[in-house]
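Residue numbers (the UniProt record's numbering): 1 to 435.
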């Protein structure tokens, strides 16, 4: 299928940049990668969150058809990986919408937030309140970590957020069980659907899951989807080039090497002209990216290509002159080749930034770290995949499905339903289908 032009047009209207701070502290990346190996195994996580983990309700409002409770608890991630969360995100906040009259049992669906879905009003208005009227179903809306800060500043923030939401969802599911609510389910739209999927991989019981407009990994979202245009590649390339820790240490912590770990290379090369045309990149950028992606045809050769390693190693590449794709063909000037900069407290030679393959290397490194921490194949298979219904848009330009494993391959037995159109049109006009 093609990609939705509405998706592309809507992305162009938004001026926000993603990951303006870069990759994040290397120490944080190392800690979260190590923790991913624990949280990716459901059996190892059984005792991470106590059964009686404290949850507090601090406000209740009465409405015509429901009660709305505001609550909070301390994120378990703060106890397990101390200091990894920003201070503002240590306290997890939620809103619990409970119908005054139940139709059957006391069902509750936990809704996780999509990108830009700050606070609760959007999920409450479009999903929770209608579900009270339509099905007599309660909804629990969990606020995403970092959304109190308005944005994800670093790539590592996305991984920290995923770990926090997995543990926080476990707290809430156990609390709801202890309060006598049943059956329980999880859902979310876009990134919310993705995070709900992660949370369900860690739950030790059968549970319904409805992920909407999400797929098997976040790597394609930020490397080949329209959101890749919003990524601050200039800063990411600079940090990747001048701090060797990414090539020499971080890359060694990455375990994921599934069947699709190198599919993005050939796909990106094959589709670079059409995709970059839709994204509105200049001819100079397209030429640079296309040439670097085709170099040597090595996309499936092995882990060495993951960071653009050639036979001469990183030092030889660091000495090459550079005219990066994201400079639009501008000359960077020889004085900068001898300039020094400071990153993570280290003085580094900016000459290392100027190598022809840097943009391609940064994209490959992004795919590698995203797959490590977000690929569903790196997490346990949900207990009962027959309870999973995935809702996808056929022409979704935000969540590309080409070149990555499908959820049916990772979770045999799950159902996938497709909607006509793209990501934005589905979000705007298909909320009733999601409900």
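The beta-carbon is built from N, C-alpha and C at its ideal position, and this holds for glycine as well.
Just so you know, these numbers come straight off a predicted model, no measurement behind them.
Nearest in C-alpha terms to residue 114, of all of 99, 144, 103, 225, is 144. Ranked by how close their Cα comes to the Cα of residue 46, the residues 88, 401, 166, 356 have 166 in first place. For residue 187, the enclosing beta strand (DSSP E) covers residues 184–189. Taking 7 angstroms as the cut-off, the Cβ atoms of residue 40 and residue 379 count as close. Within a 10 Å sphere around the beta-carbon of residue 392 sit 16 or more other beta-carbons, which makes this residue buried. Contact between the region 231–249 and the region 385–404 is absent: fewer than 3 CB-CB pairs across the two stretches fall below 8 angstroms.
With the rule of 3 Cβ pairs closer than 8 angstroms, the region 119–130 counts as touching the region 89–104. Residue 422 is a Cβ neighbour of residue 4, given a cutoff of 7 angstroms. In this structure, DSSP gives residue 435 a state outside helix and strand, which the three-state scheme calls coil. Of the residues assessed, residue 54 falls on the exposed side of the cut-off, its CB having fewer than 16 other CB atoms within 10 angstroms. Inclusion of residue 376 and residue 222 in the CB contact set at 7 angstroms is not warranted, their separation being larger than that value. Counting the other CB atoms within 10 Å of its CB gives residue 219 a total of 16 or more, which places it among the buried residues. Distances from the alpha-carbon of residue 34 to those of 382, 189, 394, 251 put 251 closest. Residue pairing by DSSP places residue 417 opposite 391 in a beta bridge.
Using a 10 angstroms sphere on the CB of residue 103, the tally of other CB atoms stays under 16, which defines it as exposed. The residue among 224, 197, 206 with its C-alpha nearest the C-alpha of residue 212 is 197. Residue 141 holds the alpha-carbon nearest to the alpha-carbon of residue 172 among 159, 141, 192. In this structure, the beta-carbon distance from residue 210 to residue 187 falls below 7 angstroms. Of the residues assessed, residue 19 falls on the buried side of the cut-off, its CB having 16 or more other CB atoms within 10 angstroms. With 16 or more other Cβ atoms from the protein chains shown falling within 10 Å of its own Cβ, residue 215 counts as buried.
Contiguous alpha helix (DSSP H) elements confined to the region 152–217 occur at 155–178, 191–201, taking only those with 4 or more residues. Listed in chain order, the non-local C-beta contacts of residue 24 below 6 angstroms within the same chain comprise 154, 155, 156, local neighbours out to five positions each way being set aside. Our two residues, residue 73 and residue 91, have alpha carbons roughly 6 angstroms apart in a direct line. In the DSSP assignment, residue 17 falls outside any alpha helix (DSSP H) and carries neither an H nor an E. Per DSSP, residue 62 is one residue of the beta strand (DSSP E) stretching across 56–62. Secondary structure note for residue 408: its alpha helix (DSSP H) is the uninterrupted segment 407–410. Look at residue 77 here: in three-state DSSP terms it is helix. In the displayed model, residue 92 falls within a strand according to three-state DSSP. CA-CA distance, residue 430 to residue 85, rounds to 34 angstroms. Judged by DSSP in its simplified three-state form, residue 70 adopts strand.
With 16 or more other Cβ atoms from the protein chains shown falling within 10 Å of its own Cβ, residue 254 counts as buried. Fully contained in the region 82–145 are the following alpha helix (DSSP H) runs of length 4 or more, in chain order: 129–135.
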